[in-house]
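Student:
Number of protein chains: 2
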Amino acid sequence: MNSQALSPPVKRIADSTVRRLSIYLRFLEEFEGRGLSTVSSEELARRGGTTSAQVRKDLSFFGSFGKRGLGYSVPELSTSLREILGLGRGWRVVIIGAGKIGAALAQYRGFRQRGFQIVAAYDSNAEKIGGTLEGIEIRDMHRFEADVEKDHPEIAVLAVPMEHAQAVLDRVARAGIKAVLNFAPVQLHAPADMTVKTVNMAMELEGLTFALTNQGV
Amino acid sequence: MNSQALSPPVKRIADSTVRRLSIYLRFLEEFEGRGLSTVSSEELARRGGTTSAQVRKDLSFFGSFGKRGLGYSVPELSTSLREILGLGRGWRVVIIGAGKIGAALAQYRGFRQRGFQIVAAYDSNAEKIGGTLEGIEIRDMHRFEADVEKDHPEIAVLAVPMEHAQAVLDRVARAGIKAVLNFAPVQLHAPADMTVKTVNMAMELEGLTFALTNQGV
DNA sequence: GAGTGCTTGTGAATTCATTCACAAAGTAGC
DNA sequence: GCTACTTTGTGAATGAATTCACAAGCACTC
Ligand SMILES: NC(=O)c1ccc[n+]([C@@H]2O[C@H](COP(=O)([O-])OP(=O)(O)OC[C@H]3O[C@@H](n4cnc5c(N)ncnc54)[C@H](O)[C@@H]3O)[C@@H](O)[C@H]2O)c1
Ligand SMILES: NC(=O)c1ccc[n+]([C@@H]2O[C@H](COP(=O)([O-])OP(=O)(O)OC[C@H]3O[C@@H](n4cnc5c(N)ncnc54)[C@H](O)[C@@H]3O)[C@@H](O)[C@H]2O)c1
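Protein chains in written order, with my numbering: chain A, 15 to 231; chain B, 15 to 231.
#1: How long is the line joining the alpha carbons of Gly144/B and Met155/B, rounded to whole angstroms?
#2: Is it true that the segment 133-144 of chain A meets the segment 101-117 of chain A, where meeting means three or more beta-carbon pairs spaced less than 8 angstroms apart?
#3: Using a Cβ-Cβ distance under 7 angstroms, would Arg33/B count as near chain A?
#4: Verify the contact flag: Phe197/B, CB atom, against every heavy atom of ligand 2, threshold strictly below 6 angstroms.
#5: Using only the heavy atoms of ligand 1, determine whether one of them is closer than 6 angstroms to the beta carbon of Leu39/A.
#6: Could you list which residues in chain B have their beta carbon closer than 9 angstroms to that of Met155/A, in chain order?
#7: Identify which residue in Thr31/B, Arg26/B, Ile27/B and Ile37/B has its Cα closest to the Cα of Met215/A.
#8: With three or more C-beta pairs closer than 8 angstroms as the rule, is the segment 81-101 of chain A touching the segment 173-189 of chain B?
#9: Mind checking Gly63/B: buried by the 16 CB within 10 Å criterion, or exposed?
#10: Tell me whether Leu84/B is buried or exposed, calling it buried when 16 or more other Cβ atoms sit within 10 Å of its Cβ.
#11: Alpha carbon to alpha carbon, how far is Leu50/A from Glu44/A?
#12: Alpha carbon to alpha carbon, how far is Asp165/A from Ala193/A? Give it in angstroms, no decimals.
#13: Considering only the beta carbon of each residue, do Arg70/A and Ser87/A sit closer than 7 angstroms?
#14: 7 angstroms is my cut-off, CB to CB: does Val213/B come that close to chain A?
#15: Among all the DSSP beta bridges, which residues are the ones paired with Gln121/B?
#16: Going by DSSP in three states, Glu46/B sits in which element: helix, strand or coil?
#17: Let me know the secondary structure DSSP gives Gly62/B once reduced to three states.
#18: So that I know if they touch, is there some Cβ in chain A lying closer than 7 angstroms to that of Ser36/B?
#19: Within the 7 angstroms Cβ cut-off, does Ala28/B reach chain A?
#20: To be precise: take each residue of the segment 142-169 of chain A, compare its Cβ to all Cβ atoms of chain B, and keep it if any distance is under 8 angstroms. Which residues remain?
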């Protein structure tokens with residue numbers, strides 16, 4: 015098989031696989047920084063807390079990237095993973111809800127580093143509109159639909175109070191944005207052609223307290 | 015079977031099950047607020063984006079909570095789920111890293127509401143030490159081990175730069191804390207008796223860009 | 001108190017994900 | 001060019017999670 019041409023993913027790829035690809039990419043970038051030229055599936059697995067067979071299987075869904083007896087070329091695999099994950103290009107992001115979480119995200123360097131450009135923030139509170147969030151303009155939520163037509167953001171970050179999250183999601187969907195990162199601790203219902211990922215800290219915390227009460231000493 | 019006595023979980027409970035229990039609890043609390051007295055597995059499933067069989071299976075790991083022909087008593091099931099998830103009591107939490115994310119978390123009402131009490135924040139930056147984060151004292155990281163001996167926090171939230179995350183985790187582990195919520199975008203290696211949950215926003219975003227590039231139009 | 005309708009609880013069947021295990025393909029040394 | 005050694009890529013085997021499907025239980029009516 016050819017390591018250049020990315021096979022189009024033939025069957026649906028599991029979420030767990032995609033998350034692991036992200037993890038591998040992070041290590042590869044670290045290795046790249048240290049000037050290492052090759053890495054084995056064994057080494058990637060050790061760092062990522064999985065098995066070498068898992069690493070090879072994950073990659074095999076997209077093609078053949080390694081050299082038997084040698085491992086994977088660090089720069090080549092990095093490039094391939096970035097391409098697979100859609101990081102080979104820039105993405106325009108809007109933040110909706112210029113509160114505490116919105117502010118933390120606006121200044122987060124990790125986003126810009128990976129090609130996510132925050133084009134605007136939106137809020138419905140008159141006191142916030144017109145101000146800036148770490149240099150990003152806070153716009154009136156009334157302008158949202160009109161702005162989307164102009165700016166064509168691909169991703170919306172939802173950082174509004176949970177009571178408003180579903181209503182805002184509906185607006186985002188109608189405006190034609192197909193990807194949402196949601197911070198409100200609610201299950202959102204979205205059209206089938208939209209992808210919504212929810213970061214639910216309360217849920218993670220409850221995972222911890224469950225472990226503490228059930229597996230704990 | 016008896017709906018009062020919680021069966022101790024006989025076999026290891028899947029993470030996915032615990033996350034869904036959190037979701038169900040959230041709806042139950044909403045129903046409780048609206049004064050509804052019973053709910054069916056079908057209704058819970060519809061709201062939570064799963065199937066009724068899944069809801070019943072999830073609950074069955076812990077006992078028998080429903081009445082055939084009728085459904086589940088909202089207040090009883092809420093109480094049981096809170097107990098299962100370890101929310102029947104308070105938890106002491108420390109935040110390590112009084113930066114942007116630490117500040118957003120410190121003021122987050124969702125924590126207190128669920129019985130998580132933030133007892134202190136820690137930082138290594140002399141300019142921050144002695145100040146407060148939303149009313150919570152920012153202490154010198156040097157005091158950390160001594161304070162843990164006194165305060166016995168059960169949960170640590172890690173909000174330090176990624177370069178320091180593993181070193182701080184090691185300190186947390188040595189101090190005897192067994193549960194960590196990590197916000198640094200790195201895979202952490204922890205002792206087996208410790209539970210670490212990582213909230214990795216970059217990874218979620220990459221899940222979105224993967225979907226946009228591969229499932230997209 | 002028998003009949004009807006609804007909903008749970010749970011084995012069995014199925015689907016999905018991970019791990020095993022090994023042939024194939026490469027490197028390196030001589 | 002042959003041998004020894006390493007590591008990939010992938011079918012087959014195993015294991016885990018979800019869905020199916022239905023007997024059993026309860027409420028309500030007549
Ligand atoms: N702060 C945290 O650490 C934290 C943690 C986890 C989850 N969350 C969730 O993130 C969300 C935001 O939290 P926060 O702490 O930043 O709250 P916040 O109150 O600081 O910010 C919310 C912002 O949204 C704006 N807003 C309200 N309704 C709006 C609408 N319809 N359209 C546009 N903007 C609107 C408000 O004016 C406000 O500026 C909440 O759902 C919260 O549960 C926060
Ligand atoms: N800001 C975001 O929206 C965001 C999003 C996702 C992930 N993160 C991650 O969260 C972490 C914190 O991000 P932030 O934006 O709050 O950064 P920040 O720079 O605002 O805060 C980090 C804080 O940690 C302190 N610190 C550094 N080393 C320490 C140590 N050894 N012990 C104790 N304290 C120490 C610093 O003094 C600083 O106050 C980072 O790992 C970041 O990648 C942040």
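Each residue gets a CB set at the ideal place from its N, CA and C atoms; glycine is no exception.
Small disclaimer: the values here were computed from a predicted structure and weren't measured.
Tutor: Per the coordinate set shown:
#1: Taking the second sequence and counting its residues from 1, the one referred to as residue 144/B is at position 130. Taking the second sequence and counting its residues from 1, the one referred to as residue 155/B is at position 141. In a straight line, the C-alpha of Gly144/B is about 11 angstroms away from that of Met155/B.
#2: yes
#3: Working through the second sequence from its first residue, we reach residue 33/B at position 19. For Arg33/B, the answer is yes, since a Cβ of chain A falls inside 7 angstroms of its Cβ.
#4: Here residue 197/B is taken as the residue at index 183 of the second sequence, counted from 1. The answer is yes for Phe197/B.
#5: In the first sequence, residue 39/A corresponds to position 25, counting from 1. Every heavy atom of ligand 1 is 6 angstroms or more from the Cβ of Leu39/A, so no.
#6: Position 141 of the first sequence, counted from the start, is the residue given in the question as residue 155/A. Going along chain B, no residue has its Cβ under 9 angstroms from Met155/A, so there is no contact; the nearest lies around 21 angstroms.
#7: Locating residue 215/A in the first sequence gives position 201, where the first residue counts as 1. Here the closest residue by C-alpha is Ile37/B.
#8: no
#9: What you label residue 63/B is simply residue 49 of the second sequence in a count that begins at 1. Exposed: under 16 other Cβ atoms inside 10 Å.
#10: Within the second sequence, residue 84/B is the residue found at index 70, counting from 1. Leu84/B is exposed by the Cβ-count criterion.
#11: Counting from one through the first sequence, the residue named residue 50/A turns up at place 36. Counting from one through the first sequence, the residue named residue 44/A turns up at place 30. Spanning the two alpha carbons is a distance of roughly 9 angstroms.
#12: Along the first sequence, read from residue 1 onward, the residue named residue 193/A stands at position 179. Along the first sequence, read from residue 1 onward, the residue named residue 165/A stands at position 151. Approximately 15 angstroms between the Cα atoms of the pair.
#13: As a working mapping, residue 70/A is identified with position 56 in the first sequence. As a working mapping, residue 87/A is identified with position 73 in the first sequence. Their beta carbons are not under 7 angstroms apart, which means Arg70/A does not touch Ser87/A by this criterion.
#14: Here residue 213/B is taken as the residue at index 199 of the second sequence, counted from 1. Yes, Val213/B counts as interfacial toward chain A.
#15: For the purposes of this step, residue 121/B is taken as the residue at position 107 of the second sequence. According to DSSP, which records beta bridges pairwise, Gln121/B is partnered with nothing at all.
#16: Here residue 46/B refers to the residue found at position 32 of the second sequence. Here Glu46/B sits in helix by DSSP.
#17: Working through the second sequence from its first residue, we reach residue 62/B at position 48. Helix, per DSSP.
#18: For this step, residue 36/B is matched to residue 22 along the second sequence. Yes, Ser36/B lies at the interface with chain A (some Cβ there is under 7 angstroms from its Cβ).
#19: The residue you call residue 28/B lines up with position 14 of the second sequence. False, the Cβ-Cβ gap to chain A never drops below 7 angstroms.
#20: Glu168 and Ile169
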